[in-house]
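Accompanying notes for the structure given below.
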Amino acid sequence: MSEQLRAEDLVLGLDTFGDVSVDLEGKEISHAQTIRNLVAQGQLADQVGIDFIGIGEHHRSDYAVSSPETVLAAIASTTERIKLGSAVTVLSSDDPVRVFERFSTVDAISSGRAEIIVGRGSFTESFPLYGLSMSDYEVLFEEKLQLWSEIAKGGPVTWQGTTRAALSDQDLYPPLESATDQPRPFPTWVAVGGSPQSVVRAAKYDFPLMLAIIGGPAARFAPFARVYREAQEHFGHTGAHIGFHSPGHVAQTDAEAREQLWPHYKVGHDRVGRGRGWPSMTREQFEQEADHGALLVGSPETVARRIADGMKALGAERFDLKYANGPMPHELMMASIELYGNKVIPLVRELMAS
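Per UniProt numbering, the sequence shown starts with residue 1, numbered consecutively.
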């Protein structure tokens, strides 16, 4: 943490992919009920003082949310202070103009609380669904991020590329509400999973960097933070804002948190892994990741210490906990959210201040 950044200025949030859940008896609930539960989770996050909630975009049976902006709008209408965003918007398979229109609508409903995290996404099902070719994977993201960088500045947009129609001095509506007569930039982060080229690209467009750390300790990603800062300097940008996201779960004790999370985490891991050639997760692997890796699971004290250690290792000013991991029941996630807001976040601020 930089000397200029105070502990109270740190951003401590949540995110979820909207995993389809089970009830306390282990019976799978509907996609519709999962979405309604997600809205309640966002409301609770606001009540316990969490800074941000992000919702992921997927187009497959194990995740309920294909339109994060719609769910965010529902949360916006019943909350007061929490920031609302995507985690992530798969920009490659979307139209940046439509992305702006949808998120600026959320921004209006929430009175200025919308932001966006863009990325290529770790799943590719949206490409064939929308008639896009994986052979265009790189050019789609590069051009659309370039266009988004122009849109995010606010004001009329002029752009030309190969992946959509050109724009010439085009106004987009609704515009972001501004306290002045100057356009307000759209708050944007770029999510990166582990590619140095992607880190440099985020710096090129002067977007804050969100590191998606889903395996291994946060300190292992310190070289990416260094590359980002060096690239920011190379491109002549002065701000180098870094955040990271990791999966986790909070309960009263370390043992309770692990027992609650383990069966659901394994289901989620193995379900994704079947399509990627991963072996089934063992309990030993789970414990190793919880002890020394990206999985932040335990009591409030344990999780707070792990978050603070990661923030210090990366020089990060932001952390988002991925609190939905596999088909965990709504009730357990609500308890985790409450502990995260009421106990973990104050402890992290104390640790970072010291």
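Backbone N, C-alpha and C fix where the C-beta goes; we use that ideal spot for every residue, glycine too. In this text the structure is predicted, and so the values were computed from the model without any measurement.
With respect to the 9 Å criterion, residue 267 and residue 227 are not classified as neighbours on the basis of their beta carbons. When secondary structure is reduced to three states using DSSP, residue 106 falls in the helix class.
Here the C-alpha atom of residue 279 lies approximately 25 Å from the C-alpha atom of residue 56.
A residue is called buried when at least 16 other Cβ atoms come within 10 angstroms of its Cβ; residue 318 meets this threshold and is buried. Ranking 271, 274, 251 and 339 by CA distance to the CA of residue 44 puts 339 first. The C-beta separation of residue 333 from residue 41 comes to about 6 Å, placing the pair in contact by the 8 Å criterion. Looking at 326, 119 and 206, the one whose alpha-carbon comes closest to that of residue 194 is 119. Contact between residue 329 and residue 19 fails: their C-beta atoms lie close to 11 Å from each other, not under 8 Å. Only residues of its own chain outside the window of five on either side were considered, and among them 215, 216 and 217 have a CB closer than 8 Å to the CB of residue 293, listed in chain order.
In the DSSP assignment, no residue is bridged to residue 237.
A Cβ-Cβ distance of about 5 Å is found for the pair residue 244 and residue 316, placing them in contact under the 8 Å criterion. Going by DSSP, residue 172 is part of no beta strand (DSSP E) at all; its letter is neither H nor E. Rounded to whole angstroms, the gap between the alpha carbons of residue 344 and residue 96 is 36 Å. For a cut-off of 8 Å, the C-beta gap from residue 249 to residue 232 is around 34 Å, too long to register as a contact. For residue 209, the beta-bridge partners assigned by DSSP are 190 and 242. Taking a C-beta distance under 9 Å as the contact criterion, residue 242 and residue 296 do not qualify as a contact pair. Nearest neighbour of residue 263 by Cα position, chosen from 247, 123 and 283, turns out to be 283. Measuring C-alpha to C-alpha distances from residue 179 to each of 156, 354, 187 and 112 identifies 112 as the nearest. Taking C-alpha positions only, residue 171 is separated from residue 354 by approximately 47 Å. Spatial neighbours of residue 81 in its own chain (CB-CB distance under 7 Å, excluding positions within 5 residues in sequence) are listed in chain order as 46. DSSP places residue 330 in the helix class (H, G or I) of the three-state scheme. For residue 302, there is no enclosing beta strand (DSSP E); the residue is found in the alpha helix (DSSP H) stretching over 300-314. By the Cβ-count criterion, residue 63 is buried, with 16 or more other Cβ atoms from all chains shown falling within 10 Å of its own Cβ. Spanning the alpha carbons of residue 305 and residue 190 requires a straight line of approximately 26 Å. Fully enclosed alpha helix (DSSP H) runs of no fewer than 4 residues occupy 96-109, 126-129 and 137-151 of the stretch 84-168, in order along the chain.
The Cβ atoms of residue 52 and residue 115 lie closer than 9 Å to each other. Taking residue 8 as the centre and dropping the five residues before and after it, the same chain places the C-beta of 349 closer than 7 Å to its C-beta, in chain order. For residue 255, the number of other beta carbons within 10 angstroms of its own is below 16, and it is reported as exposed. In this chain, the alpha helix (DSSP H) harbouring residue 34 covers 31-47.
For the pair residue 106 and residue 76, the CB atoms are nearer than the 9 Å cut-off. By the Cβ neighbour-count rule, residue 300 is buried, with 16 or more other Cβ atoms within 10 Å of its own.
In the three-state scheme derived from DSSP, where H, G and I count as helix and E and B as strand, residue 52 is classed as strand. Spatial neighbours of residue 225 in its own chain (CB-CB distance under 7 Å, excluding positions within 5 residues in sequence) are listed in chain order as 242, 314 and 315. The residue from 161, 337, 310 and 311 with its alpha-carbon nearest to that of residue 322 is 337. For residue 146, same chain residues with a beta-carbon under 8 Å away, outside a window of 5 residues either side, are 159, 161 and 205 in chain order.
Note: residue 16 is bridge-paired with 55 in the DSSP secondary-structure output.
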